[in-house]
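Report on the following structure.
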Amino acid sequence: MAAPVTRLCHISLHVPRGQPLARDLQRCFGFRPLAMREAGGWHQLALRCGDAVFLVNERAQGPGPASDGLLYDVDPKHPVPTASNVCFEVADIQGAVGALRALGCPVAVAPRAVSDAQGTVTYAVVRSPAGNLIHTLLERGNYGGPFLPGFRACGHPKAPDPSGLEGCFSHVDHMALACPQGASQTWLRWYQDCLGFRCFPLGPDEQPPEQGLQIWAGQAGGLQLTALRAPPGSKAPMLVLAESLPGLPGAQDQIERFLAQHRSPGLQHVALYTRDILTATHLVAEAGGRLVAPPPTYYQQTNKVAQIVAAGGEPERLAELGILLDRDQKQGSGTSFLMQVFTKPLFSEETFFLELIQRQGSSTGFGQGNIQALWEALEEYLTSSQGAGEPR
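The number in our numbering is simply the position in the sequence shown, starting from 1, with 6 added.
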């Protein structure tokens, strides 16, 4: 029996003290300080943007107390900065933990109640099979504080936002996990059996959906994407399991780079939803956000130009901002499509990054058509650059 999740509470990121992550989230993406806590050598700062909440955990350099200083988390003891905890709300924490234990799930923190003047929250922490990723499960009840017990409110929610980014992003659309080859089926079963997620198809020919959608890119190999949505009635975001398909020896795609530099599987990126990606992307870039620039040839491909124009877009404007557009293959030739742009990694390692995404119509994909188009565009761009004598 699963312990179905009801909604996303927050996503925890762990960095050494003094790293600029919290500052960058505020300056470049419109996150605002919500609540903070300091104890046992840890500084925990919750930041909110719409319904998306990131909890940045900073540990002081050098020896000191371990996990006893943390609330709603455990020390991942990971060698590089990491996004290692996705916290979900559940309706019955005691029942959820009992069900998970019966399924053999390791429980890192047994149910624990934390209270303050605003009420009580009970939480537990379970380990997933996805590398260093853990899940805090909590029962919020009627808690009325700004974040969670043990934190004090901080910041000034009504203070003016000079970047203009406030309100640009409303919620987390989806989260993507980087899988080693051959692992996605195990992970899929765990999220289905333990947290109640359900698989759904990404393309018209994906049968059955549990096998995922394979996207090949010639000699470079490819990716296998498996999509899961939260249980019925849940407001939790979708999950994407991304696994590399074999390519040429020595070739390394984005998933393999993550696994190598993160030094384990884990949470690769989080997509923030916006209703106006052109304005949001422009403001993020103006604020200093580092965005990935696709090769120019992406916007010159005949099929891609046709998709952009059919969606009412301007290829030149999307190229200027680095925005990708993908029509939902399941919706035929209708008006369902998504637009997306990716940030560069938020850490010095090529690991965790953000995606900005806007959906039109009933699109439920993740830009899988863009993966093929980007690979082809990159190869064409590199070939033309090499022929012109530019360094490859």
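Positions of the beta carbon are idealized from the N, C-alpha and C atoms, including for glycine. These numbers were taken from a predicted model, which means no experiment stands behind them.
Along the stretch 355 to 379, the beta strand (DSSP E) occurs as fully enclosed runs of 3 or more residues at 359 to 366, listed in sequence order.
Of the candidates Phe348, Phe358, Ala28 and Asn63, the residue whose Cα lies closest to the Cα of Val298 is Phe348.
Where Gly104 is concerned, the enclosing alpha helix (DSSP H) starts and stops at Ile99 to Ala108.
Annotated as proximal: Val127 and Leu154, with beta-carbon spacing under 7 Å. Cβ-Cβ distances below 6 Å link Arg269 to Pro85 in the same chain, with the five nearest sequence neighbours on each side left out; the list follows chain order.
Runs of the beta strand (DSSP E) lying entirely within the stretch 187 to 242 and spanning at least 3 residues, in chain order: 204 to 206, 219 to 222 and 228 to 235. For Val132, the CB contacts under 6 Å within the same chain, skipping 5 residues up- and downstream, are Leu106, Cys111, Val113 and His141 in chain order. Taking a cut-off of 8 Å for Cβ pairs, the stretch 9 to 26 and the stretch 55 to 63 touch, as three or more such pairs fall below it.
Runs of the beta strand (DSSP E) spanning 3 or more residues and lying entirely within the stretch 248 to 330 occur at 272 to 280, in chain order.
Secondary structure at Ala28: helix, using DSSP grouped into helix, strand and coil.
Counted as a single uninterrupted DSSP element, the beta strand (DSSP E) harbouring Gly125 occupies residues Gly125 to Arg133. Annotation: Glu262 to Pro186 spans about 8 Å, alpha carbon to alpha carbon. Non-local C-beta neighbours of Val115 in its own chain, meaning closer than 6 Å and more than five positions away in sequence, comprise Ala130 and Val131, ordered along the chain. Between Asp332 and Thr370 the beta-carbon gap is near 12 Å, outside 8 Å, which marks them as no contact. By the neighbour-count criterion, in which a residue is buried when 16 or more other Cβ atoms sit within 10 angstroms of its Cβ, Asp98 is exposed.
Between Gly294 and Cys174, the CB-CB gap reaches or exceeds 7 Å. Under the DSSP assignment, His177 falls in the beta strand (DSSP E) whose first and last residues are Phe175 to Cys185. By the C-beta density criterion, Pro302 is exposed, having fewer than 16 other C-beta atoms within 10 angstroms. From the listed residues Leu219, Leu251 and Asn91, the smallest Cα separation to Gly209 is found for Leu219. Counting along the chain, the unbroken beta strand (DSSP E) around Phe60 starts and ends at Ala58 to Arg65. Only buried fits Val246, as 16 or more other CB atoms lie within 10 angstroms of its CB. Contact check for Gly228 against Leu251 passes: the beta carbons are separated by less than 7 Å. One Cα belongs to Glu356, the other to Phe264, and the distance between them is close to 6 Å. When the beta-carbon positions are compared, Trp193 and Ala136 come within less than 7 Å of each other. When the Cα atoms are used, Gln306 and Asn63 turn out to be separated by approximately 43 Å.
A distance below 7 Å separates the beta carbons of His275 and Ala182. Exclusion of the five residues before and after Leu289 leaves Ser169, Gly170, Leu171 and Cys174 as the residues of its chain whose Cβ lies within less than 7 Å of its Cβ. A check of alpha carbon separations from His20 across Asn138, Gly104 and Gln100 identifies Asn138 as the nearest.
Within its own chain, the residues whose Cβ lies closer than 6 Å to the Cβ of Pro207, once the five positions on either side in sequence are excluded, are Pro215, listed in chain order. For Arg23, the three-state secondary structure derived from DSSP is coil. Within 10 angstroms of the beta-carbon of Pro238 lie fewer than 16 other beta-carbons, which makes it exposed. Per DSSP, reduced to three states, the secondary structure at Arg33 is helical.
With respect to Gln364, Phe343 sits apart: the two C-beta atoms are not nearer than 7 Å.
With a 10 Å radius around the Cβ and a threshold of 16 neighbouring Cβ atoms, Met7 comes out exposed. In the same chain as Met42, and ignoring 5 residues on each side of it, the C-beta atoms closer than 8 Å to its own belong to His49, Gln50, Leu51, Ala52, Phe157, Arg158 and Cys160, in chain order. Residue pairing from DSSP places Ser18 in a beta bridge opposite Leu61 and Asn91.
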